[in-house]
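**Q** Dropping the structure in here first, questions after.
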Amino acid sequence: MARAKFQAPKGTQDVLPPTSARWERLLAAFAQTVERAGYGLLQSPMFEELAVFQRESEGADAVRKEMYDFEDKGGRRIALRPEGTASVVRAFVQHQPASPWKVWYATPAFRYENVQAGRYRQHHQVGLEVLGSADPDVDVEVITIGWEFLQALGLRKVELLLNTMGTAEDRVRYVEVLRTFLQARIGDLAEEDREKVERHPMRVLDSKRTETRRATADAPAIADHLSDESAQHFEQVKVGLGAAGIPFVLAPRLVRGFDYYTHTTFELVPSLVDSAQATILGGGRYDGLVEELGGPPTPGIGFGSGIERLLIACDAEDVFAGPTARVDVFVVDVTDGSHAGPLTAELRRAGIRCDRAFDRKGMRAQMKAADRSGASHAVIVGAQELADGTATVRPLRAAFGEHQDAVARADLVAHLTALLAASRPTDLSTTTPGKDHS
RNA sequence: CUGGCCGUAGCUCAGCUGGUCAGAGCGCCGCGUUGUGGUCGCGGAUGUCGGGGGUUCGAAUCCCCUCGGUCAGCCCA
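All you need for this note's numbering is the position in the first sequence, starting with 1, plus 147.
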């Protein structure tokens, strides 16, 4: 990249075809999975009043620092959404829909932070939320859908990590116990983790430093400090997942930074991706968030899933097979160039995916373009065809043989439609450009 | 915000103890007789070596700054 006057801002990226086709497939897989379960699409603004995203909690300072916030021309404090949940909850509070409210979203999310493997300043998430029910069966449904989504994508090597945060009261008690434990062995913790003991002791548990890991190996687990109510809730979730046949691993160190998180917390982690931030789908119950945003006490649960990270995991498992063909038919015009336009328009109206060359290319160049397009057939029109009132249908892939037909113009659409319908079930690799005819 | 590594044609990279060092492969374009792609052969175009400054007779090669990429901390999708 010698020099381009402008380039995409740091931490953002352009996704060009054909790579973008993977996005289309992923979005389609998600929409299909959640709509089947009765979730509706929520479209909400990509920015909100800053306060919607600002919480008082352990991690508030860090969150604020990573926020893309600014003052608009009316003097309002605005922030680009850093994640999906807050906007959904704000919309819930504003419109007061009937409970349980089950919605999904697909959105960009912005965080002003340094770029790293699987982390960007603008990334994209799909996710869902259920507001208005505290039933542990909802937890099971939400986790199941997350799981099913990854299955639908073709991901197989994924681990479900599960934990509970208990209620707010449970956590206050637990944090005291934990802090006492950590204080007793603060000297064994990694230098960088010591200051966390006072401010957010639970964060010490998910430190990646080996000294800290070793020193906290037998740290008290929140699961042992739950109220009966919390323990029961968690138990029902585990039983429900078992009944659904979804394997999970208890992860006592899996914690969330915000106070509004309660009960079930979970993450889905691809086992083939070896990077510091591998989680491709994460979520949990947040029974305090609606109230924080000015609504009535309302339980909620949901998850968000990062598209870029999902795609990294998909690549690790190689779930997106060979390249796909952009079109099925390519029109080659060797007359004065006046026939390609009307002919492609006619075919497209008939539902046939087709393309053509521009710029009055020679036949050789047009055939080359036809091959590159991935089309399985070229439709050739020249002086000879004009005279006969036909078009030549020439197969471009080995699977269709070498024989080319002169087809009457009136029969062309029907001929092609039949040809393409017959080839549909065959796998895509037979239409890979440039790999046939030995 | 802190630190490591990196930045040469569209892509992947070689060159980097300063002096034919501006290159390779792929891709792209054209040609191989008049209308047939993918294979093969021949030919061609493209880079102020990320940007700026400095050292030097001379820098893609050394130094500084800056921008960008990448990985890690932190945080999280």
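Backbone N, C-alpha and C fix where the C-beta goes; we use that ideal spot for every residue, glycine too.
1) When we look at the beta-carbon of F217 and count the other beta-carbons within 10 Å, is it buried (16 or more) or exposed?
2) For R591, collect the residues of the same chain with a Cβ closer than 7 Å to its Cβ; drop the 5 residues on either side in sequence, then sort them by chain order.
3) Quick check on the burial criterion: 16 or more other C-beta atoms within 10 angstroms. Buried or exposed for A555?
4) Let me know the secondary structure DSSP gives Q269 once reduced to three states.
5) Per DSSP, what are the beta-bridge partners of D216 in this structure?
6) Pull up the distance between the alpha-carbon of V351 and that of R495, whole angstroms please.
7) Drop a sphere of 10 angstroms on the beta-carbon of F153, count the other beta-carbons inside from all chains shown, and report buried for 16 or more, exposed for fewer.
8) Report buried or exposed for R318, applying the criterion of at least 16 other Cβ atoms within 10 angstroms of its Cβ.
9) Enumerate in chain order the residues of its own chain whose CB-to-CB distance from D583 is below 6 Å, with the five nearest sequence positions on each side excluded.
10) Any idea what DSSP makes of F381, helix, strand or coil?
11) Could you please give me the residues that DSSP links to Y252 through a beta bridge?
12) Bridge partners for L309 per DSSP, in chain order?
13) For V466, name the three-state secondary structure that DSSP assigns.
14) If you run the structure through DSSP and keep just helix, strand and coil, what is T314?
15) Which value, in whole angstroms, describes the spacing of the CA atoms of Y408 and G158?
16) What residue does the alpha helix (DSSP H) around D286 start on, and which one ends it?
17) Among Y267, V181, Q424, A238, which residue has its Cα nearest to the Cα of M214?
18) In terms of residue numbering, what span does the beta strand (DSSP E) encompassing D406 cover?
19) At what residues does the alpha helix (DSSP H) containing G488 begin and finish?
20) Tell me where the beta strand (DSSP E) around F477 begins and ends.
21) Going by DSSP, name the residue or residues bridged to T537.
22) Are at least three pairs of beta-carbons, each pair with one atom in the region 448-462 and one in the region 491-505, less than 8 Å apart?
23) Would you decide whether M510 is buried or exposed? Buried here means 16 or more other CB atoms lie within 10 Å of its CB.
24) Excluding the 5 residues flanking M349 on each side, which residues of the same chain have their C-beta closer than 6 Å to its C-beta?
25) When DSSP builds the beta bridges, which residues end up paired with V528?
26) Are the CB atoms of P444 and V305 nearer to each other than 8 Å?
27) With H, G and I counted as helix, E and B as strand and the rest as coil, what does DSSP make of F177?
28) Taking Cβ positions, are G185 and K249 nearer each other than 8 Å?
**A** The answer reads as follows:
1) Residue burial is scored here from C-beta neighbours: F217 has fewer than 16 other C-beta atoms within 10 angstroms and is therefore classed as exposed.
2) Outside the shown range of the chain, which is 148 to 585, sits residue 591, and nothing can be said about it.
3) Taking all protein chains in view, the Cβ of A555 is surrounded by fewer than 16 other Cβ atoms within 10 Å, so the residue is classified as exposed.
4) Residue state, collapsed to three classes: strand.
5) According to DSSP, residue pairing for D216 in a beta bridge involves A226.
6) If you take the alpha carbons of V351 and R495, they lie about 60 Å apart.
7) When all chains shown are included, F153 counts as exposed.
8) So R318 counts as buried.
9) Because the pLDDT at D583 is just 38, under 50, the model does not fix this residue reliably, and the value given afterwards should be weighed accordingly. Only R544, A545 meet the Cβ criterion.
10) Note: F381 maps to helix in three-state DSSP.
11) DSSP, once it has assigned bridges, lists G274 as partnering Y252.
12) BP columns for L309 point to L397, F413.
13) Note: V466 maps to coil in three-state DSSP.
14) Three-state result, T314: coil.
15) Straight-line Cα distance between these residues: approximately 29 Å.
16) Looking at the DSSP string, the run of the alpha helix (DSSP H) that includes D286 is 283-300.
17) Answer by Cα proximity: Y267.
18) Run containing D406: none; DSSP gives neither H nor E here.
19) DSSP places G488 inside the alpha helix (DSSP H), whose first and last residues are 487-496.
20) That run of the beta strand (DSSP E) goes 476-480.
21) Per DSSP, A555.
22) With contact defined as three or more Cβ pairs closer than 8 Å, the region 448-462 and the region 491-505 are not in contact.
23) When all chains shown are included, M510 counts as exposed.
24) Only residues of its own chain outside the window of five on either side were considered, and among them V402 have a CB closer than 6 Å to the CB of M349, listed in chain order.
25) Paired residue(s): D480.
26) The answer is no: Cβ separation not under 8 Å.
27) Here F177 sits in helix by DSSP.
28) Yes.
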